[in-house]
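Working notes, beginning with the structure itself.
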């Protein structure tokens with residue numbers, strides 16, 4: 205196989221070994237877990253995460269409060285509708301009683317008129 209830059213197997217192996225040793229050097233040069241810079245970054249990330257969780261909890265609480273308010277409003281509307289229907293039923297019952305009393309009075313008046321007419325004949 206022909207390579208344009210005329211690298212042989214040995215050159216490629218040396219290049220790969222050099223790359224591995226550079227990666228290992230970069231890995232070893234990394235700061236340790238107890239390095240102040242690493243700890244500062246971790247605490248900053250933790251603060252951001254905590255703030256995000258606090259905002260999410262606040263949004264959830266607001267959402268729950270809105271749901272509770274909507275449920276209370278719906279319950280109040282339902283109770284108001286029940287009261288309105290009850291008042292309508294009472295009014296209808298009162299109208300029915302008044303109508304019955306009026307009909308009874310008319311019936312009694314007719315009865316008395318018939319009786320009076322019958323006594324006049326005697």
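Numbering (this note's numbering), first residue to last: 205 to 326.
Glycine included, each C-beta is placed from N, C-alpha and C at the ideal position.
None of these values were measured; they are calculated from a predicted model.
Which parts of the stretch 209-292 are runs of the alpha helix (DSSP H), unbroken and 4 residues or longer, counting only runs that do not cross its ends?
213-233
| field | Simplified DSSP state of residue 326, which is helix, strand or coil | value | Locating residue 326 in the chain shown gives position 122, where the first residue counts as 1. Three-state DSSP puts residue 326 in coil, outside helix and strand.
| query | Rounded to a whole number of angstroms, what is the C-alpha to C-alpha distance between residue 274 and residue 293? | reply | What you label residue 274 is simply residue 70 of the chain shown in a count that begins at 1. What you label residue 293 is simply residue 89 of the chain shown in a count that begins at 1. If I take the Cα positions, the gap works out to 28 Å.
Report the rounded CA-to-CA distance for residue 265 versus residue 243, giving the unit in angstroms.
-> In the chain shown, counting from the first residue as 1, residue 265 sits at position 61. In the chain shown, counting from the first residue as 1, residue 243 sits at position 39. Those two C-alpha atoms are separated by around 32 Å.
* State yes or no: is the C-beta of residue 241 within less than 8 Å of the C-beta of residue 235? => Counted from its first residue, the chain shown places residue 241 at position 37. Counted from its first residue, the chain shown places residue 235 at position 31. For residue 241 and residue 235, yes; Cβs fall inside 8 Å.
_Only counting the same chain, and skipping five residues up and downstream in sequence, which positions put a Cβ closer than 8 Å to that of residue 324?_
In the chain shown, residue 324 corresponds to position 120, counting from 1. Taken in chain order, the list of residues that qualify is empty.
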